[in-house]
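In what follows, a structure is listed as structure tokens, so that the remarks can point back to it.
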Amino acid sequence: MATITMRQVREGEVPPDGGTARQEDPDRPVFQGNGPDDYVCVECGNVLATAMHPVQMTKKVRIRCGRCSTVNVSVIDGYEGANKQP
Ligand SMILES: [Zn+2]
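In structure tokens:
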């Protein structure tokens, strides 16, 4: 079980697909899966998703924190780069 800090969406970074999930209740994660990792807000550390698989947390998954309104995206550094290799 690991806790992974998400990162803030860069300015102008708008993925062509996917949407932004909004956390309505700051005390309740938006997503609950059955994987190994929890994901927390980059700004305030609020838990946004629990027990997620890395494959579930792609660039398409964005979550607006219910506590500080930061939009988080779940790209793990190196993950996309690895996929771009021939
Ligand atoms: Zn936050």
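This note's numbering applies: residue 79 is where the sequence shown begins, and numbers increase by one. Every residue, glycine too, gets a C-beta built ideally from N, C-alpha and C.
Would you kindly work out how many angstroms separate the C-alpha atoms of serine 152 and valine 87, rounded to a whole number? Rounded to whole angstroms, serine 152 and valine 87 show a C-alpha spacing of 9 Å.
Open item on the list: Between threonine 148 and ligand 1, is there a pair consisting of the residue's CB and a ligand heavy atom that are separated by less than 8 Å?
Closed with: Yes; taking the cut-off as 8 Å, the Cβ of threonine 148 has a heavy atom of ligand 1 nearer than that.
Original post:
Any idea what DSSP makes of glutamine 110, helix, strand or coil?
Top reply: The answer is strand: DSSP assigns glutamine 110 an E or B state.
| query | Where do the ends of the beta strand (DSSP E) carrying asparagine 150 lie? | reply | First-last of the beta strand (DSSP E) with asparagine 150: 149 to 151.
- [ ] Could you check how far apart the C-beta atoms of glycine 113 and alanine 129 are, in whole angstroms? I think they sit under 8 Å.
- [x] Correct: roughly 6 Å between the Cβ atoms.
Where does the unbroken beta strand (DSSP E) through valine 125 begin, and where does it stop? In the DSSP annotation of this structure, the continuous segment of the beta strand (DSSP E) that includes valine 125 starts and ends at 125 to 130.
Problem - Coarse secondary structure for glutamine 101, derived from DSSP in three states - result: If DSSP states are grouped into helix, strand and coil, glutamine 101 belongs with coil.
- For valine 139, which of helix, strand or coil comes out of DSSP? Secondary structure of valine 139 (DSSP, three-state): strand.
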